[in-house]
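First comes the structure, then the notes that go with it.
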Amino acid sequence: MNNQKFFSCCTSKYRQNGLALMISLILLVVMSLAGIALVRSVDTGVLAAGNLAFRQGATQAGQQGIEMARQWLTDNVALLNNDNPDQGYYANSQNFLDLTGNRTTTTADNVNWDGSGGASTPNCLAGDAQGYTVCYIIHRLCDTSGVALDSGTCTTKDGARGGSSLGAGRQMGTYQEGSWTDTTTFGYYRITIRTEGPRNTVGFLQAFVII
4 MNNQKFFSCC TSKYRQNGLA LMISLILLVV MSLAGIALVR SVDTGVLAAG
54 NLAFRQGATQ AGQQGIEMAR QWLTDNVALL NNDNPDQGYY ANSQNFLDLT
104 GNRTTTTADN VNWDGSGGAS TPNCLAGDAQ GYTVCYIIHR LCDTSGVALD
154 SGTCTTKDGA RGGSSLGAGR QMGTYQEGSW TDTTTFGYYR ITIRTEGPRN
204 TVGFLQAFVI I
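Sequential numbering of the sequence shown, starting at 4, is according to our numbering.
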């Protein structure tokens with residue numbers, strides 16, 4: 004009788020110990036899964052923050068490229084009626100171009116940003132200390148190259164016309180014609196920037212300037 008009670012008591016303890024072990028194993032698995040999920044979440048956050056930082060770096064480098072392209076236009080106003088492919092400049096709009104390489108399936112209408120070929124050649128600047136390389140291509144918004152801005156085939160903006168009028172200074176209020184200066188015609192130019200940086204970061208910027 005005593006042996007039976009002892010056996011029943013020990014069996015109950017073994018069952019309790021086995022149940023506690025199973026619960027502990029389940030909790031261990033749950034905690035491991037939660038730890039893995041936390042690590043993946045942290046890794047994803049770090050990766051997203053890194054990508055954002057590289058994207059911002061590409062944008063800043065691209066803005067510097069826009070300024071350099073604008074400065075080139077300002078320094079070469081007398082030469083802007085004709086193409087200058089070595090400087091990434093084209094005196095017509097080249098509307099057929101696929102500037103980012105994503106609009107069409109062919110590469111024949113691409114800009115040769117990376118040396119793989121294309122219809123037009125950009126001007127690529129030396130890479131900076133952060134590992135960003137900026138290339139730009141400039142288009143004058145005209146139908147054809149080799150024509151002046153006032154040819155009627157370009158998108159232009161007239162400057163303010165200066166001069167003076169003498170008004171009605173004579174007897175009987177006769178109008179006296181004054182002197183007027185000719186208006187200055189300014190052209191529109193489209194600057195397209197491609198920036199390539201660390202971790203295969205590629206960004207595009209575009210700006211329109213009046214020169």
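Yeah, the Cβ is synthetic: ideal placement off N, Cα and C, and Gly gets one too. Only a predicted model underlies this, so the values are computations on that prediction, with no experimental measurement involved.
{"Query": "Per-residue DSSP class, three states only, for I214", "Result": "coil"}
{"Query": "Reduced DSSP secondary structure (H/G/I, E/B, other) of Q209", "Result": "strand"}
{"Query": "Nearest to V1 (by Cα), restricted to the options S119, R143 and G121", "Result": "Residue 1 lies beyond the residue range present for the chain, which begins at 4 and ends at 214; the question has no answer from this structure."}
{"Query": "Distance CB(G130)-CB(T136) smaller than 7 Å", "Result": "yes"}
{"Query": "Buried or exposed (CB count within 10 angstroms, at least 16 for buried), E199", "Result": "buried"}
{"Query": "Proximity winner among G134, C145 and S154, relative to A61 (alpha-carbon distances)", "Result": "G134"}
{"Query": "Cβ-Cβ distance between N84 and A72 below 7 Å", "Result": "no"}
{"Query": "Ranges of the beta strand (DSSP E) found wholly within the segment 134-159, counting only runs of at least 3", "Result": "136-143"}
{"Query": "Contact under 7 Å by Cβ, S154 with D86", "Result": "no"}
{"Query": "CA-to-CA distance, G65 to W116, given in whole angstroms", "Result": "14 Å"}
{"Query": "Nearest-angstrom Cα separation, counted from R106 out to C145", "Result": "22 Å"}
{"Query": "T110 in three-state terms, based on DSSP", "Result": "coil"}
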